[in-house]
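Below is one structure, written out as structure tokens, with a few remarks after it.
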Amino acid sequence: MTAGNLRVQEFAGKSPGPHLLITGGVHGDEFEPIAAIRILSRLVAEQSNHAALLNGRVSLVSCVNEEAFLLGRRCASDGLDLARTCPGRKDGSITERTAWALSELIRSADYYIDLHTGGTEFSIYPLAGYMLHPNAKVLEAQRQMARAFGLPIIWGTAPNLEGRSLSVARDAQVPAIYCEYLGSAVCSQAGVDAYVHGCLSVMAELKMIDRPPVPESAQTVVEDPRENSGHLQVCNPA
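For what it's worth, our numbering labels the leading residue of the sequence shown as 31, then goes sequentially.
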């Protein structure tokens with residue numbers, strides 16, 4: 031199916047359960063998320079073909095920012111950063127329209143995972159992050175999702191940053207995490223595997239699939255409530 035200008039794969043089980051949205055390719059030069067979601071779509075399809083194995087619904091968008099991907103760039107032809115443009119505009123530029131469609135999808139979900147990397151220019155140590163949401167129930171759900179994902183760093187940051195996919199989730203009371211895994215203009219197989227494994231582990235945590243629990247593997251957990259925490263220093267120098 032399509033939602034605005036997004037290509038969405040939908041998988042539904044026969045048993046009731048939550049609606050999980052997973053996106054990649056918000057930036058066009060981030061390759062591991064795109065590859066991981068394509069693999070994930072095959073695995074989830076196997077679960078939904080045996081409907082008793084999948085509870086609830088999964089929506090997958092492997093490449094949100096298709097024009098940027100086709101250009102081989104972080105951003106589309108209008109030069110706007112999609113991760114700073116949400117919630118966008120239905121009648122705006124290509125990035126604003128994409129942000130609007132993405133925001134509509136996020137609002138329709140019960141849980142959200144947004145997969146990223148450092149793109150072609152940067153390399154970011156693997157982490158799962160979330161906003162320190164003022165709603166205690168949402169915040170605890172995000173903590174559980176981040177722990178289940180299984181990356182070495184968990185980073186909770188200030189909820190005041192705007193323009194992001196997680197800003198839309200915050201306002202819609204949708205528990206959401208984002209993940210980072212290296213980058214530097216390569217597609218790391220380890221990163222792809224970690225993302226597939228992490229998404230399946232979150233699905234198991236949400237009781238959407240039956241999968242053996244994995245031991246918590248986070249080496250460092252940081253929650254920084256200071257205003258504007260969450261910026262990467264290369265983008266927001268101290």
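The beta-carbon is built from N, C-alpha and C at its ideal position, and this holds for glycine as well.
Rounded to the nearest angstrom, the gap between the Cα atoms of G228 and L181 is 8 Å. With contacts defined by Cβ atoms closer than 9 Å, Q39 and V94 do not form a contacting pair. With a beta-carbon spacing of about 6 Å, C116 and G193 fall inside the 8 Å limit used to define contacts.
In the DSSP assignment, M233 falls within the alpha helix (DSSP H) that extends over Q219 to E235.
Put simply, of R37, R114 and L157 the residue whose alpha carbon is nearest the alpha carbon of A248 is L157.
Per the DSSP secondary-structure output, T53 pairs in a beta bridge with V91 and D144. In the displayed model, L84 falls within coil according to three-state DSSP, outside both helix and strand. Only residues of its own chain outside the window of five on either side were considered, and among them F41 and V88 have a CB closer than 6 Å to the CB of V74, listed in chain order. Annotated as proximal: W185 and G159, with beta-carbon spacing under 9 Å. When DSSP reads this structure, L169 sits in no beta bridge, so it has no partner. Nearest C-alpha to S45 among P243, N258 and I239: I239. Annotation for T125: the continuous alpha helix (DSSP H) segment containing it runs I124 to S138. In this model, A202 and H146 are separated by some 21 Å (Cα to Cα). For the pair R256 and P205, the Cα-to-Cα distance works out to about 20 Å.
Note that the C-beta distance between G118 and L100 is not below 9 Å.
Shown here for T53: same chain residues with a beta carbon closer than 6 Å to its own, the five before and five after excluded, namely V91, V94 and D144 in chain order. Shortest Cα-Cα distance from V216 to any of A65, G260, Y141 and S123 involves A65. In the structure shown, V74 falls within a helical segment according to DSSP collapsed to helix, strand and coil.
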